[in-house]
Amino acid sequence: MPTVELGAPSWGGGDTSLTSLDNLFDTVAAKGGVYHLMWHPQVIYDDRNKSYLSSHLSHISGHRDIWYANLGVVYLYHMLQAENSSPLDAVAEVKGAPGSFALLQNYPNPFNPTTKISYQLSASSNVTLTIYDVLGREVATLVDGAMRPGSYEIQFDGSRFGSGVYFYRLMAGGNVITKKMVLVK
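Reading the sequence shown from the start, the letters are residues 1047 to 1231 in the numbering used here.
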């Protein structure tokens, strides 16, 4: 799947920023690529209406495959190629080889009942992504096999598990990273 590397646009609000971001998405769409944007929203207090304001990008060029989360969390806008117009449930390679080995925080967290886990591999290796309960018992293995360098995303379905703290561990090429997530039912 071809990708287009673009620098993350700065976000300052207003029509100028929306136009710039719209142009970036159009560039990616024209090249048939994949684009991910991680964005921490700016929250502005509107003294006149005594409320907090934020914007979303649902109207940009009519792209219906751009989605967003609620205020106060990291926003992820995901545009796939036309033939894959919805997010994938299986492990999906989302861009070319990154410079480092990384395991990102699951999103959303806390979650009910599903969450997405993203990770990056800097070299080809055998990879395992395992879920453990708070007592250290293995409860699920999401990935177990050889993978190429790149960035990946997988969905974890916790519907058969009880509420609580869980740990997910990524092992690849002698590297190990563990993160914590919370399932709330």
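We put the beta carbon where it would ideally sit given N, CA and C, even for glycine.
Backbone CA spacing between residue i and residue j [nearest angstrom]
i        : j        : result
Ser-1209 : Leu-1229 : 5 Å
Leu-1181 : Tyr-1153 : 23 Å
Thr-1174 : Thr-1161 : 18 Å
Val-1189 : Tyr-1212 : 16 Å
Arg-1183 : Lys-1226 : 14 Å
Thr-1224 : Lys-1231 : 23 Å
Pro-1195 : Ser-1146 : 9 Å
Pro-1159 : Phe-1202 : 8 Å
Thr-1176 : Ala-1186 : 6 Å
Asn-1198 : Asn-1155 : Position check: residue 1198 holds Tyr in this sequence, whereas Asn was assumed. The alpha-carbon atoms of Tyr-1198 and Asn-1155 are separated by roughly 18 Å.
Ser-1056 : Leu-1150 : Reliability fails at Ser-1056, whose pLDDT of 37 lies under 50, so the model's placement of it is uncertain and no value is given.
Tyr-1214 : Arg-1206 : 16 Å
Ser-1200 : Phe-1157 : Residue identity check: residue 1200 is Ile in the sequence provided, not Ser. So the two alpha carbons sit approximately 14 Å from each other.
Asp-1179 : Gly-1204 : 11 Å
Residue i: first and last residue of the uninterrupted beta strand (DSSP E) it sits in
i        : result
Val-1230 : That residue, Val-1230, is in no beta strand (DSSP E); it is neither H nor E in DSSP.
Phe-1202 : 1196-1203
Arg-1215 : 1210-1218
Pair within 9 Å by beta-carbon distance, residue i and residue j
i        : j        : result
Ala-1192 : Asn-1172 : yes
Heavy atom of the ligand HEM within 8 Å of residue i beta-carbon
i        : result
Lys-1226 : Ligands displayed in this structure: none; no statement on the ligand HEM is therefore possible.
Q. Quick one: any contact between the segment 1209-1219 and the segment 1168-1175, if contact means 3 or more CB pairs under 8 Å?
A. yes
Q: Please go through the segment 1138-1182 and give each complete beta strand (DSSP E) segment of 3 or more residues, from N-terminal end onward.
A: Entirely contained in the segment 1138-1182, the beta strand (DSSP E) runs reaching 3 residues are, in chain order, 1138-1141, 1160-1167 and 1171-1179.
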